[in-house]
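Residue 6 is where the sequence shown starts when you use the working numbering, and the numbers rise one by one after that.
Just so it is clear, CB atoms sit at the ideal spot from N, CA and C, and this is done for glycine as well.
Given the structure is predicted, the values throughout are model-derived calculations rather than measurements.
These notes are about the structure you will find just below.
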Amino acid sequence: MNNSKKILLVSPRGFCAGVTRAIEIVELALQKYGSPVYVNHEIVHNKYVIEELTNKGAIFLDNIDDAPSDRPFILSAHGVSKDVESYASKNSDVVIDATCPLVTKVHVQALKFFEKGYKIILIGHKNHPEVIGTMGQLPPNSIFLVETVEDVEKVSVNKNEKIAYLTQTTLSIDDTKTIINALKLKYPEIGASPKEDICYATSNRQKAIKEYAKMCDSFIVVGSNNSSNSNRLVEVAKKAGCKKTILLENDYHLKISDFYSDKIIGVSSGASVPDILVQNVINRFKGHYKIDLEEVSLGEEHVTFKLPRELRVEHK
Ligand code: SF4
Numbered sequence: 006m007n008n009s010k011k012i013l014l015v016s017p018r019g020f021c022a023g024v025t026r027a028i029e030i031v032e033l034a035l036q037k038y039g040s041p042v043y044v045n046h047e048i049v050h051n052k053y054v055i056e057e058l059t060n061k062g063a064i065f066l067d068n069i070d071d072a073p074s075d076r077p078f079i080l081s082a083h084g085v086s087k088d089v090e091s092y093a094s095k096n097s098d099v100v101i102d103a104t105c106p107l108v109t110k111v112h113v114q115a116l117k118f119f120e121k122g123y124k125i126i127l128i129g130h131k132n133h134p135e136v137i138g139t140m141g142q143l144p145p146n147s148i149f150l151v152e153t154v155e156d157v158e159k160v161s162v163n164k165n166e167k168i169a170y171l172t173q174t175t176l177s178i179d180d181t182k183t184i185i186n187a188l189k190l191k192y193p194e195i196g197a198s199p200k201e202d203i204c205y206a207t208s209n210r211q212k213a214i215k216e217y218a219k220m221c222d223s224f225i226v227v228g229s230n231n232s233s234n235s236n237r238l239v240e241v242a243k244k245a246g247c248k249k250t251i252l253l254e255n256d257y258h259l260k261i262s263d264f265y266s267d268k269i270i271g272v273s274s275g276a277s278v279p280d281i282l283v284q285n286v287i288n289r290f291k292g293h294y295k296i297d298l299e300e301v302s303l304g305e306e307h308v309t310f311k312l313p314r315e316l317r318v319e320h321k
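Laid out in structure tokens, this is it:
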């Protein structure tokens, strides 16, 4: 215990308003309808959350055909295509939409651009459920996916056509800016959403890590491998100057000896991560080193979203 370390616990971190709402939706649906309730895909990308909800009676499906019609069916926070939405509403007696309202905002904007005759570019990660859901808002081939600056070269929209871009909500702010600049160079008149598509939670977590990671010898982002926003936080910390940054599912995967020579360790978490996982990591360190815990923050978040009507408690 003679080795002492400082842990910089960076905020904003952890649950965003969309994740909080999605988890609450599953819990309230279980209370209202009993178990099981079926959920399209993982409701949010965090293993701990999925296990907890599974223990309470939620069943997560990769294939919506497996959903029985007589049980509630919940659409995940990442949003779904129009096809999945209409299949669910035909197949299931009760469908509850847990799509984050900030993802829905992108869906609505896609439709507006489409109706005004724009060709649409979506900046995002192929195969991510949110991207599949957003592209599936419109008929096939209405949206072109761009993942990198190199992809911008491949966009074949004519320069005299109307063109606009949208983005996935959980991208790296800096990488996305580079892609947008390349698009603007190619299409100077390109349109955009009136408000940023990258959400407040993604943006706040990245800004905080960018500010504090450079002060750390190592940095731990608590989050699951399949979480887009958590992976982006790792990239941001590395780019900010902390090369020794890892993504950690939970404290069981923490190899304490890897941090032996570090004096300052930064810790934060993705938007789908319950804070208990962060506290467990800190407690593991406390069991091995003398820890000086300093909480640092770039500001508080006060965003909340309304629950779907079918789960709201009516106050008379
Ligand atoms: S990360 Fe952003 S878009 Fe995704 S659920 Fe949270 S608030 Fe919504």
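Extent of the continuous beta strand (DSSP E) to which Leu14 belongs: 9-16
Beta-carbon proximity check, Leu238 vs Ser277, cutoff 9 angstroms: no
Distance, Glu32 Cα to Lys117 Cα: 33 angstroms
Reduced DSSP secondary structure (H/G/I, E/B, other) of Ile270: strand
Terminal residues of the beta strand (DSSP E) in which Leu298 lies: 295-302
Residues surrounding the ligand SF4 [beta-carbon distance to nearest heavy atom under 6 angstroms]: Cys21, Ala22, Gly23, Val24, Ala82, Cys105, Leu107, Val108, Thr174, Thr175, Cys204, Ala206, Thr207, Asn234, Ala276
For Ser198, the first and last residue of its enclosing alpha helix (DSSP H): No alpha helix (DSSP H) holds Ser198; DSSP gives it neither H nor E.
Nearest-angstrom beta carbon gap, Leu150 and Ala115 [assumed within contact, 8 angstroms]: Ala115 to Leu150, Cβ: 12 angstroms. No contact.
Which residues DSSP lists as bridging Asp102, in chain order: Leu80
Closest Cα partner of Val227 within the set Gly122, Leu58, Val286, Val241: Val286
Spatially closest choice to Val157 from Tyr170, Ile48, Ile261, Glu166, by CA coordinates: Tyr170
Among Pro73, Tyr217, Met140, the one whose alpha carbon lies nearest that of Glu300: Tyr217
Which of helix, strand or coil DSSP assigns to Lys249: coil
Where Asn234 falls, given that 16 or more other Cβ within 10 Å makes a residue buried: buried
Cβ pair Val44, Val24 closer than 9 angstroms: no
Tyr192, buried or exposed, once every other Cβ within 10 Å from all chains shown has been counted against 16: buried
Selection from Thr153, His133, Glu152, Val162 that minimises the alpha carbon distance to Asn146: Val162
9 angstroms Cβ cutoff met for Ser223 and Ile281: no
Asn255 classed as buried or exposed, judged by whether at least 16 other C-beta atoms fall within 10 angstroms: buried
Where Phe20 falls: helix, strand or coil (DSSP): coil
Segment contact flag, the stretch 72-90 with the stretch 177-185, C-beta cutoff 8 angstroms, min 3 pairs: no
Contact check, Asp267 vs Ser9, beta carbons under 9 angstroms: no
Distance, Lys219 Cα to Asn96 Cα: 51 angstroms
Glu56 classed as buried or exposed, judged by whether at least 16 other C-beta atoms fall within 10 angstroms: exposed
CB contact flag (Lys164, Gly196, <9 angstroms): no
Residue environment, Pro73, which counts as buried when at least 16 other CB atoms sit within 10 Å: exposed
Val42 - DSSP class collapsed to helix/strand/coil: strand
Backbone CA spacing between Gly292 and Thr250 [nearest angstrom]: 21 angstroms
Cβ pair Ile12, Phe20 closer than 9 angstroms: no
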